[in-house]
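Engineer:
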Amino acid sequence: ERALRRVAVRVDPALLEDAGADVLLEALGALGCEYHIEPQRPARSLRWTRTKPDPCPRTVPSEVWAAEEQVLLLLEPEEFLQGLLQLTQTCGPSCSVPWVCPESSTGPHLAVIGLDAYLWSQQPSSQHVQQPESPAVACAPVTLSWPKVEEALVLLQLWAHLDVLLVASWQELTQNICAFTRALAQRPLKQYRDSCAFSFCVAGRWAAGERVARDGTGLRGVWWRQIRQFHRVSPAVADAIVTAFPSPRLLQQAYMSCSSEQERLALLADLPVKTGGGG
């Protein structure tokens, strides 16, 4: 595909030191896009860059092919949990968000391999809990349970506008990287085609096949699907959130109106969730 040949993936060499990382280069080669192994900032990241075709098609404005960079930063579970702990303890107007460079206008996408398995290994019954060698590193992650992690993930997305990809293996991460690469390659022409139609409202399919009509019918289903993308969010929990906040804007307004960090973290805690079996 010609669009893929205009996308280059720049991979930090430190990523390839991980066991299982070899599947990434194999998949990128099979995908047909260009990739380079070269140091990146931040370390353990990969960067997508796109170039405009030469010659550029006359029928498509040159700004459609504007340079665009996306960064994916791979974090170890311990490092990620330490950052979440810092964020939840010091969040406020003066708080600096972990993993975000102040000079950058956009934050990276974050990816963590094996967070679920790591959290299970830190349970009290685990034989790995009593390891005194580095208490500063070992103790902080243990204080974050899955509910706390999920609260912090919502905080990252709503407040810091950071997306987090939690995967179990390099194979799963590679599949997501390839899917994102395809989408990035197709984005310029897709955005141009959409802008040529009725940009104020276009009937079509959103969110993996959800039908959206011109009158807005179906947008609630799109919002429900977006909520379901969060880790461990059940259909019942998504129903409760959509019922209380029928649109992302309403949830954001409620979040911004909270007067304290404790109130923000508890915003979704008391929503009535209907479980199966009636009652």
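UniProt numbering numbers the first residue of the sequence shown as 1 and each following residue consecutively. Beta carbons are placed, not taken as given, at the ideal position from N, Cα and C, and that holds for glycine. Note that the structure is predicted; figures quoted are calculated from it, not measured.
(1) Is the separation between the beta-carbon of THR49 and that of ALA8 shorter than 7 Å?
(2) Exposed or buried, GLN40, counting other C-beta atoms within 10 Å across all chains shown (16 or more means buried)?
(3) Which residue's Cα is closest to the Cα of LEU15: ILE37, GLU26, CYS33 and GLY32?
(4) Which complete beta strand (DSSP E) runs does the region 5-56 hold, if anything under 3 residues is left out?
(5) Considering only residues of the same chain and omitting the five flanking positions on each side of LEU23, which have a CB-CB separation below 7 Å?
(6) Can you tell me the Cα-Cα spacing of LYS148 and VAL154, whole angstroms?
(7) In whole angstroms, what is the alpha-carbon distance linking ARG264 and GLY32?
(8) Any idea if LEU271 is buried or exposed, counting beta-carbon neighbours within 10 angstroms, 16 or more meaning buried?
(9) For GLY83, which residues from the same chain have a beta carbon less than 6 Å from its beta carbon, with the 5 sequence-adjacent residues on both sides left out?
(10) Applying the criterion that 16 or more other CB atoms from any shown protein chain within 10 Å of the CB defines a buried residue, is PRO77 buried or exposed?
(11) Thinking VAL112 and LEU166 are a contact (beta carbons under 8 Å), I'd like their distance in whole angstroms, please.
(12) I'd like to confirm the pairing. Which residues does DSSP put opposite GLN70 in its beta bridges?
(13) Give the secondary structure of residue 296 by DSSP, where H, G and I count as helix, E and B as strand, and everything else as coil.
(14) Going straight from the alpha carbon of LEU25 to that of PRO248, what length do you get?
Structural biologist: Well, looking at it:
(1) The residue given as residue 49 occupies position 49 in the sequence shown. The residue given as residue 8 occupies position 8 in the sequence shown. Yes; because the gap between Cβ atoms is below 7 Å, this pair is in contact.
(2) For this step, residue 40 is matched to residue 40 along the sequence shown. Classification for GLN40: buried.
(3) Here the question's residue 15 lines up with position 15 in the sequence shown. Minimum Cα distance to LEU15 is reached at ILE37.
(4) 7-11, 34-37 and 45-50
(5) Your numbering for residue 23 matches position 23 in the sequence shown. Contrary to the premise, residue 23 reads as Val rather than Leu in this sequence. Around VAL23: TRP170, GLN171 and THR174.
(6) Against the sequence shown, residue 148 aligns to sequence position 148. Against the sequence shown, residue 154 aligns to sequence position 154. Rounded to whole angstroms, LYS148 to VAL154 spans 10 Å at the Cα level.
(7) On the sequence shown, position 264 is the one that residue 264 refers to. On the sequence shown, position 32 is the one that residue 32 refers to. Between ARG264 and GLY32, the C-alpha separation is close to 45 Å.
(8) Within the sequence shown, the letter at position 271 stands for residue 271. Counting other Cβ atoms within 10 Å of its Cβ, LEU271 stays below 16 and is therefore classed as exposed.
(9) Reading the sequence shown from its first residue, position 83 is the one you call residue 83. Only PRO98 meet the Cβ criterion.
(10) Locating residue 77 in the sequence shown gives position 77, where the first residue counts as 1. Buried.
(11) Position 112 of the sequence shown, counted from the start, is the residue given in the question as residue 112. Position 166 of the sequence shown, counted from the start, is the residue given in the question as residue 166. Rounded, the Cβ-Cβ distance is 5 Å, consistent with contact.
(12) In the sequence shown, the residue the question calls residue 70 occupies position 70. The partner list for GLN70 (beta bridge, DSSP) reads TRP48.
(13) Absent from the model: residue 296. The displayed extent of the chain is 1 to 279, so no value can be given.
(14) Along the sequence shown, read from residue 1 onward, the residue named residue 25 stands at position 25. Along the sequence shown, read from residue 1 onward, the residue named residue 248 stands at position 248. If you take the alpha carbons of LEU25 and PRO248, they lie about 37 Å apart.
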